[in-house]
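Participant:
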Amino acid sequence: MAEAIYPVPADWAETALIDEARYLDMHRRSVEEPDAFWAEEAQRIDWIKPFTKVKNTSFHEEDFGIRWFEDGTLNLSANCLDRHLAERGDTVAILWEPDSPQDPSRAITYRELHADVCRLANLLLARGVQRGDRVTIYLPMVPEAAVAMLACARIGAIHSIVFAGFSPDALAGRIQDCDSRVVLTADEGLRGGKRVPLKKNVDEALTHCPAVATVVVLARTGADVAMQDGRDLRWAEAVAAQSAECAPAEMNAEDPLFILYTSGSTGKPKGVLHTTGGYSVWASMTHQYVFDYRPGQIYWCAADIGWVTGHSYVVYGPLANGATTVMFEGVPNFPDPSRFWQVVDKFGVEIFYGAPTALRALMREGDDWVHKTSRKSLRLLGSVGEPINPEAWEWYHKVVGEGRCPIVDTWWQTETGGAMITPLPGATALKPGSASKPMFGVQPALLDNDGLVLDGATDGCLVIGDSWPGQMRTVWGDHERFFQTYFTTFKGWYFTGDGCRRDEDGYYWITGRIDDVINVSGHRMGTAEIESALVAHAKVAEAAVVGMPHAIKGQGIYAYVTCNAEVEPDEALRRELVAWVRHEIGPIATPDVIQFAPGLPKTRSGKIMRRILRKIAENDLGSLGDTSTLADPSVVDNLIANRPVLA
Ligand code: WTA
Numbered sequence: 001m002a003e004a005i006y007p008v009p010a011d012w013a014e015t016a017l018i019d020e021a022r023y024l025d026m027h028r029r030s031v032e033e034p035d036a037f038w039a040e041e042a043q044r045i046d047w048i049k050p051f052t053k054v055k056n057t058s059f060h061e062e063d064f065g066i067r068w069f070e071d072g073t074l075n076l077s078a079n080c081l082d083r084h085l086a087e088r089g090d091t092v093a094i095l096w097e098p099d100s101p102q103d104p105s106r107a108i109t110y111r112e113l114h115a116d117v118c119r120l121a122n123l124l125l126a127r128g129v130q131r132g133d134r135v136t137i138y139l140p141m142v143p144e145a146a147v148a149m150l151a152c153a154r155i156g157a158i159h160s161i162v163f164a165g166f167s168p169d170a171l172a173g174r175i176q177d178c179d180s181r182v183v184l185t186a187d188e189g190l191r192g193g194k195r196v197p198l199k200k201n202v203d204e205a206l207t208h209c210p211a212v213a214t215v216v217v218l219a220r221t222g223a224d225v226a227m228q229d230g231r232d233l234r235w236a237e238a239v240a241a242q243s244a245e246c247a248p249a250e251m252n253a254e255d256p257l258f259i260l261y262t263s264g265s266t267g268k269p270k271g272v273l274h275t276t277g278g279y280s281v282w283a284s285m286t287h288q289y290v291f292d293y294r295p296g297q298i299y300w301c302a303a304d305i306g307w308v309t310g311h312s313y314v315v316y317g318p319l320a321n322g323a324t325t326v327m328f329e330g331v332p333n334f335p336d337p338s339r340f341w342q343v344v345d346k347f348g349v350e351i352f353y354g355a356p357t358a359l360r361a362l363m364r365e366g367d368d369w370v371h372k373t374s375r376k377s378l379r380l381l382g383s384v385g386e387p388i389n390p391e392a393w394e395w396y397h398k399v400v401g402e403g404r405c406p407i408v409d410t411w412w413q414t415e416t417g418g419a420m421i422t423p424l425p426g427a428t429a430l431k432p433g434s435a436s437k438p439m440f441g442v443q444p445a446l447l448d449n450d451g452l453v454l455d456g457a458t459d460g461c462l463v464i465g466d467s468w469p470g471q472m473r474t475v476w477g478d479h480e481r482f483f484q485t486y487f488t489t490f491k492g493w494y495f496t497g498d499g500c501r502r503d504e505d506g507y508y509w510i511t512g513r514i515d516d517v518i519n520v521s522g523h524r525m526g527t528a529e530i531e532s533a534l535v536a537h538a539k540v541a542e543a544a545v546v547g548m549p550h551a552i553k554g555q556g557i558y559a560y561v562t563c564n565a566e567v568e569p570d571e572a573l574r575r576e577l578v579a580w581v582r583h584e585i586g587p588i589a590t591p592d593v594i595q596f597a598p599g600l601p602k603t604r605s606g607k608i609m610r611r612i613l614r615k616i617a618e619n620d621l622g623s624l625g626d627t628s629t630l631a632d633p634s635v636v637d638n639l640i641a642n643r644p645v646l647a
């Protein structure tokens with residue numbers, strides 16, 4: 001089949017901030033004269049003390065370091081709030097839609113948001129939070145989550161958001177790793193009509209975190225929750241007593257802004273650290289150009305603030321640009337599969353940014369759910385988090401966007417802070433399934449396994465050749481791990497962990513992770529984390545987890561489990577292990593398949609051959625490759641013979 005290509009619509013080419021000629025010119029300049037280019041782009045941010053140095057970065061071991069605008073000072077909360085007050089204090093900053101359409105939505109103006117942020121910031125100060133201290137946020141998708149982020153940024157505290165779907169254990173690990181003494185949470189969360197016991201989870205987590213001295217509890221559902229005297233405060237009461245003015249702290253460009261834990265190939269999730277100046281410039285710039293954002297437009301990014309997309313494109317990017325950002329508490333299919341498009345109609349959303357997994361799930365429900373709604377306000381659609389298959393892309397384009405909305409398929413990572421490879425709607429002809437072209441300052445390259453740079457149309461390992469302002473600066477508490485993880489696989493390059501194809505037009509097609517990370521419904525999971533949860537069960541001797549293709553989730557979780565000798569594995573144990581993993585990590589890590597295996601394929605030196613396990617999980621039995629180097633080749637026959645029949 002010939003590849004479809006959608007040229008830039010004429011009206012977009014004429015009116016967009018950036019057309020093709022401008023894109024090419026700006027990209028060239030961003031690479032050839034980075035200091036001049038970024039000095040100019042950084043003017044979108046209000047600096048307290050202007051920087052005199054722009055870029056000071058190296059990916060090489062001798063002088064490794066990443067610093068941007070290093071002698072400038074600023075406050076991101078002031079950039080998201082205070083500077084808008086004069087001109088658009090009464091503009092809606094956050095349009096919030098609750099889980100249930102029966103409940104009222106909320107519209108919070110920049111002026112109101114400013115006051116709420118100041119009150120919470122003052123409360124944090126009153127509880128002894130100082131610049132550089134870590135604050136853990138474990139909140140559902142409510143405006144107070146954005147208030148919490150901005151309050152931290154205001155006083156120079158470092159926030160660490162933990163997705164509200166994570167288990168008490170996962171939460172405890174993240175609180176301990178960065179040693180936060182304050183947790184902001186709610187009584188309960190509400191998603192798809194189901195209640196999530198957030199405060200109860202916090203209480204369980206805090207039995208392992210004695211250093212936490214303050215828990216602020218938002219009343220979301222009004223459920224009766226246990227409150228510990230001296231430690232736990234009720235949000236509304238506690239902030240009511242605080243002043244609505246709080247001077248923003250003057251932060252250095254390289255002062256930490258937030259930590260966000262993310263999964264990698266090995267070990268525990270790492271605390272990705274972003275700093276203030278470069279991240280602000282990057283989030284604001286990419287939000288403006290990728291979405292061609294103009295003040296006054298209603299913009300909706302459907303990601304949760306527990307993931308980086310929520311950080312950069314629900315909160316910081318849009319608010320820095322004075323946008324009206326929609327925050328949605330619910331899920332795409334509750335109460336029915338029209339929900340997203342009803343919200344679009346309700347608020348007159350012009351720009352919608354979502355994840356392929358949701359689109360695939362909605363696509364399966366049929367077009368009627370979409371056709372029931374008008375969607376006439378939509379101008380632009382976006383996709384993020386995982387590769388979007390051309391079929392879902394075409395559906396998004398034809399059915400949701402009625403053929404009139406360009407789709408920006410944005411490739412990026414927690415580590416990159418914002419969009420890295422993406423179309424710009426006025427500049428880039430679209431190819432369904434391709435993230436297309438690099439953002440300003442981004443220099444992608446494809447390498448072979450030996451680190452040789454590949455030219456032209458080819459497949460390879462995706463690396464980035466030089467730093468960009470939104471790049472992560474370190475792994476919290478482990479700078480060596482930062483260097484080892486990203487800069488040693490290919491010396492002098494940032495290694496993304498993704499495989500990629502470049503076509504004859506120079507378009508990039510991300511093919512998925514080539515390390516031991518899997519992408520389940522757009523959520524990044526380390527197979528090692530799920531394995532360690534499984535082996536923590538008393539009956540499990542060994543486990544190996546791989547990804548498998550999944551029609552809705554993109555990838556599913558396939559776990560091979562070897563039980564202890566005396567254990568007779570059965571259906572009851574299978575269910576028990578599924579529940580166990582959900583409890584250890586959270587529902588997002590629910591295994592789709594557990595195959596009990598008397599043995600796992602290993603090399604003679606004892607290394608598990610994951611390549612073979614992946615092939616079996618994919619039911620790709622014709623290309624198992626060479627199994628002769630295995631210590632016991634018969635285990636493979638056993639695995640194939642006992643592969644569960646999947647629906
Ligand atoms: C994958 C999410 C293809 C990729 C912003 C990356 C994508 C990982 C795309 C990062 C896309 C993200 N096309 N793959 N448009 N966007 N990915 O850290 O494998 O949660 O490495 O950041 O998601 O996931 P993370």
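Under full-length UniProt numbering, the sequence shown has 171 at position 171, and the numbering climbs by one with no breaks. All C-beta atoms in this analysis are idealised placements derived from N, C-alpha and C, irrespective of residue type, glycine included. In this text, all values refer to a predicted model and were calculated from it rather than measured experimentally.
#1: In the region 560-608, which residue ranges form an unbroken alpha helix (DSSP H) of at least 4 residues, counting only runs that do not cross its ends?
#2: What are the boundary residues of the beta strand (DSSP E) that Pro423 is part of?
#3: Whole angstroms are fine: how far does the CA of Gly128 sit from the CA of Lys553?
#4: Buried or exposed for Val645, going by 16 or more other Cβ atoms inside 10 Å?
#5: Could you give the first and the last residue of the continuous beta strand (DSSP E) run that contains Leu232?
#6: Closer than 7 Å by C-beta to residue 648: which residues in its own chain qualify, once you throw out the five before and the five after it? Chain order, please.
#7: So, helix, strand or coil for residue 654, using DSSP?
#8: With DSSP collapsed to three states, give me the class of Val645.
#9: Going by DSSP, what residues sit across from His159 in a beta bridge?
#10: Helix, strand or coil for Gly366? Go by DSSP, reduced to three states.
#11: Please state whether DSSP places Thr276 in a helix, a strand or coil.
#12: Does Arg537 come out as helix, strand or coil in the three-state DSSP assignment?
#13: Using the Cβ count rule (16 or more neighbours within 10 Å means buried), how would you classify Met1?
#14: Where do the ends of the beta strand (DSSP E) carrying Val31 lie?
#15: Can you give me the Cβ contacts of Gly465 inside the same chain, cut-off strictly under 7 Å, excluding the 5 residues immediately before and after it?
#16: When the distance is taken between beta carbons, is Val635 closer than 7 Å to Gly586?
#17: Spatial neighbours of Arg339 within its chain, please: C-beta separation below 7 Å, excluding the five flanking residues on both sides.
#18: Check the C-beta distance from Met472 over to His159 and give it rounded, since I have them as a contact under 8 Å.
#19: Starting from the N-terminal side, write out each stretch of the beta strand (DSSP E) that is 3 residues or longer and does not extend beyond the region 387-475.
#20: Would the region 243-253 count as touching the region 272-290 if we require 3 or more Cβ pairs under 8 Å?
#21: What do you reckon, is the C-beta of Pro444 under 6 Å from a heavy atom of the ligand WTA?
#22: Beta carbon of Trp393: closer than 6 Å to some heavy atom of the ligand WTA?
#23: Apply the 10 Å Cβ neighbour rule to Ala641 and answer buried if 16 or more other Cβ atoms are within range, or exposed otherwise.
#24: Whole alpha helix (DSSP H) runs in the region 29-108 with 4 or more residues, listed along the chain?
#25: So, using beta-carbon positions, are Ala205 and Leu171 closer together than 7 Å?
#26: Can you confirm whether the region 91-99 touches the region 529-537 when touching is taken to mean that 3 or more C-beta pairs between the two stretches lie within less than 8 Å?
#27: Report the partner residues of Met251 according to the DSSP bridge assignment.
#28: Is Val142 close to chain D, meaning its C-beta is less than 7 Å from at least one C-beta of that chain?
#29: For the alpha helix (DSSP H) containing Cys246, list its first residue and its last residue.
#30: Can you list, in chain order, the residues of its chain whose CB lies under 6 Å from that of Arg29, leaving out five sequence neighbours each side?
#31: What separation, rounded to the nearest whole angstrom, lies between the Cα atoms of Leu624 and Asn638?
#32: Provide the residue span of the alpha helix (DSSP H) that contains Asp203, from first to last.
#33: Within 6 Å: the Cβ of Gln413 and any heavy atom of the ligand COA?
#34: So, for Val517: in the same chain, excluding its five sequence neighbours on each side, which residues have a beta-carbon less than 8 Å away from its beta-carbon?
#35: Should residue 653 be listed as close to the ligand WTA, given that the test is whether its C-beta is under 6 Å from any heavy atom?
#36: Arg154: which of Ala249, Arg375 and Pro50 sits nearest, CA to CA?
Facilitator: Per the coordinate set shown:
#1: Uninterrupted alpha helix (DSSP H) stretches at least 4 residues long and entirely within the region 560-608 occur at 571-584, given in chain order.
#2: Residue mapping note: residue 423 aligns to position 423 of the sequence shown, counting from 1. Premise fails: Pro423 is in no beta strand (DSSP E) and is neither H nor E.
#3: The sequence position of residue 553 within the sequence shown is 553, counting from 1. The sequence position of residue 128 within the sequence shown is 128, counting from 1. Approximately 43 Å between the Cα atoms of the pair.
#4: The count along the sequence shown starts at 1 and reaches residue 645 at position 645. So Val645 ends up on the exposed side.
#5: Working through the sequence shown from its first residue, we reach residue 232 at position 232. Reading the sequence as shown, one finds Asp at residue 232 and not Leu. Unbroken beta strand (DSSP E) run through Asp232: Asp232 to Arg234.
#6: Summary: the structure shown does not reach residue 648, with the chain confined to residues 1 through 647, and so no result is reported for it.
#7: Only positions 1 to 647 of the chain appear in this structure, which leaves residue 654 out of reach.
#8: Position 645 of the sequence shown, counted from the start, is the residue given in the question as residue 645. The answer is coil: DSSP assigns Val645 none of H, G, I, E or B.
#9: Here residue 159 is taken as the residue at index 159 of the sequence shown, counted from 1. Partner(s): Val135 and Phe258.
#10: Locating residue 366 in the sequence shown gives position 366, where the first residue counts as 1. Of the three classes helix, strand and coil, the one that applies to Gly366 here is coil, per DSSP.
#11: The residue labelled residue 276 in the question sits at position 276 within the sequence shown. Thr276 falls in the helix class under three-state DSSP.
#12: Taking the sequence shown and counting its residues from 1, one reaches residue 537 at position 537. According to the sequence provided, residue 537 is His. The question's Arg does not apply to it. It is coil, neither helix nor strand.
#13: Locating residue 1 in the sequence shown gives position 1, where the first residue counts as 1. Only weak support exists for where Met1 lies, its pLDDT of 49 falling under 50; the coordinates are left without a value.
#14: Here residue 31 refers to the residue found at position 31 of the sequence shown. Under the DSSP assignment, Val31 falls outside any beta strand (DSSP E), being part of the alpha helix (DSSP H) whose first and last residues are Glu20 to Glu32.
#15: Here residue 465 is taken as the residue at index 465 of the sequence shown, counted from 1. Counting only Cβ-Cβ distances below 7 Å, and skipping sequence neighbours, we find Gln443, Ala445 and Trp493.
#16: Here residue 586 corresponds to residue number 586 of the sequence shown, with the count starting at 1. Here residue 635 corresponds to residue number 635 of the sequence shown, with the count starting at 1. Not closer than 7 Å, so no.
#17: For this step, residue 339 is matched to residue 339 along the sequence shown. Excluding sequence neighbours, Arg339 sits near Gly330, Pro332 and Asn333.
#18: Residue 472 sits at position 472 when you count from the first residue of the sequence shown. Residue 159 sits at position 159 when you count from the first residue of the sequence shown. Contact annotation, Met472 with His159: C-beta distance approximately 15 Å; criterion of less than 8 Å not satisfied.
#19: Within the region 387-475, the complete beta strand (DSSP E) runs of at least 3 residues fall at 407-410, 444-447 and 458-464.
#20: Touching, yes, given that three or more Cβ pairs across the two stretches are closer than 8 Å.
#21: Walking along the sequence shown from the start, residue 444 turns up at place 444. Flag unset: Cβ of Pro444 not near the ligand WTA.
#22: The count along the sequence shown starts at 1 and reaches residue 393 at position 393. Outside the cutoff, so no.
#23: Taking the first residue of the sequence shown as 1, we reach residue 641 at position 641. Counting C-beta atoms within 10 angstroms of its own C-beta, Ala641 has fewer than 16 neighbours from the protein chains shown and is therefore classed as exposed.
#24: Taken in chain order, the complete alpha helix (DSSP H) segments of 4 residues or longer contained in the region 29-108 are 34-41, 76-80 and 82-88.
#25: Taking the sequence shown and counting its residues from 1, one reaches residue 205 at position 205. Taking the sequence shown and counting its residues from 1, one reaches residue 171 at position 171. In contact: Ala205 and Leu171 (Cβ atoms closer than 7 Å).
#26: The region 529-537, when compared against the region 91-99, does not touch it at the 8 Å Cβ threshold.
#27: Within the sequence shown, the letter at position 251 stands for residue 251. For Met251, which the question treats as bridged, DSSP gives the partners Leu74.
#28: Structure shown: chain D not included; a single protein chain is present.
#29: Your numbering for residue 246 matches position 246 in the sequence shown. Segment: none, Cys246 is in no alpha helix (DSSP H) and carries neither H nor E.
#30: As a first step, residue 29 must be located in the sequence shown, where it is residue number 29. Result list for Arg29: Phe37, in chain order.
#31: Taking the sequence shown and counting its residues from 1, one reaches residue 624 at position 624. Taking the sequence shown and counting its residues from 1, one reaches residue 638 at position 638. Spanning the two alpha carbons is a distance of roughly 14 Å.
#32: As a position in the sequence shown, residue 203 is number 203, starting the count at 1. Its alpha helix (DSSP H) spans residues Leu198 to Leu206.
#33: Ligands displayed in this structure: the ligand WTA; the ligand COA is not among them.
#34: Counted from its first residue, the sequence shown places residue 517 at position 517. The residues are Ser263, Gly264, Ser265, Gly497, Arg524, Met525, Gly526 and Thr527.
#35: Beyond the ends of the chain as shown, which are 1 and 647, falls residue 653; an answer cannot be given.
#36: Here residue 154 refers to the residue found at position 154 when the sequence shown is read from its first residue. Per the Cα distances, Ala249.
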